[in-house]
Amino acid sequence: MSTLHVHRFGPATGPLVLALHGLTGHGKRWAALSDEHLPEVRVIAPDLRGHGRSTALPPWTFERIVTDLVELLEAETDEPVLIVGHSFGAATALHLAHRHPELVRGLVLLDPAIALEPTLLNDIALGTLAHPDYDDVEHARRDKLASAWADVEPHVLTAELDEHLTPTTGGRVGWRMSLPAITSYWGQLARDFVLPPADLPTVLVQAMKVQPPFVTPEFRSALAAHLGARLTVHEFDCDHMVAQARPAEAAALVRAALG
């Protein structure tokens, strides 16, 4: 049995899409994309280890997360799946395809965060530790709006706050996640990138408002050289939360990848 808490969307049968959220996120973050734009598609979206309602036990590495996902997929299907990953989830998808190509039929990578500059990641980790929670829900909302959620529809942000905030101490609220795990995962994003099998159909979306970019020129160039015609690249005029900010466009890419 999988140790992951799994959110399910769409029909109970049909080709399976595995949707992987970004760092500090959760699987229910895919609800609006699935329910409003891909209702005919079978989607499973786990809370990754250390996130949401899944186990928070270490180790906190890409290898352990891949093992979690292999266990989940073996329990769900005997067919290769399409993986849609955002940010850290897209990096995880690459590691899964690299280690277990037999389980993957294609990748849709939404602004993947991988092989990032260590100083940047150290600053982000220190900032997370220094400010782990909020005065109240409205404080959390203002923080989201001041960051990558500014171009997300208000009802989607409200659903995020409803699902993902939990009481901390002294009447404050924080994200439903393990702070030790998250701190470790920021370090995982400094690791060298891995590439998928050379024959794997892959879609790469870069969010062009993200500066400095999470999709580094080095990674994008290496992916293009490795995959050739198997790679399709899109540049979206949005911030980092691609699936929430541009759901219709993201859904079209998923449909096309499913064929």
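Numbered by numbering that gives the first Met the number 0, the letters in the sequence shown go through residues 0 to 258 in order.
The beta carbon of each residue, even a glycine, is placed where N, CA and C say it ideally should be.
Source: prediction; values computed, not measured.
Spatial distance of residue i from residue j (CA atoms)
| i | j | result |
| --- | --- | --- |
| Ala249 | Gly13 | 20 Å |
| His25 | Ala228 | 33 Å |
| Leu120 | Pro212 | 13 Å |
| Asp134 | Val155 | 21 Å |
| Thr66 | Ala145 | 35 Å |
| Pro79 | Leu102 | 4 Å |
| Asp238 | Ala114 | 19 Å |
| Ala147 | Pro246 | 15 Å |
| Leu108 | Ala89 | 5 Å |
Which of helix, strand or coil DSSP assigns to residue i
| i | result |
| --- | --- |
| Val65 | helix |
| Thr165 | strand |
| His20 | coil |
| Gly108 | Just to set this straight, residue 108 is Leu in the shown sequence, not Gly. In this structure, Leu108 counts as strand in the three-state DSSP scheme. |
| Val172 | strand |
| Thr118 | helix |
| Phe87 | helix |
| Arg7 | strand |
| Ala261 | What the structure shows of the chain is the stretch from 0 to 258, and residue 261 is not part of that stretch, so it cannot be assessed. |
Cβ neighbour criterion (16 or more within 10 Å) applied to residue i
| i | result |
| --- | --- |
| Arg141 | exposed |
| Val136 | exposed |
| Glu159 | buried |
| Leu81 | buried |
| Leu95 | buried |
Distance between beta carbons of residue j and residue i, contact taken as under 8 Å
| i | j | result |
| --- | --- | --- |
| Phe235 | Val202 | Not confirmed; about 12 Å, so no contact. |
| Ala18 | Val83 | 5 Å |
| Val253 | Val40 | 7 Å |
Close Cβ partners of residue i (< 8 Å) along its chain, the five nearest in sequence each way excluded
| i | result |
| --- | --- |
| His4 | Gly26, Pro45, Asp46, Gly51, Arg52, Ser53 |
Own chain partners of residue i with C-beta closer than 7 Å, once the 5 adjacent residues on each side are dropped
| i | result |
| --- | --- |
| Gln243 | Ala31, Val151, Val155 |
| Glu38 | Note that residue 38 is Pro in the sequence shown, not Glu. Gly9, listed in sequence order. |
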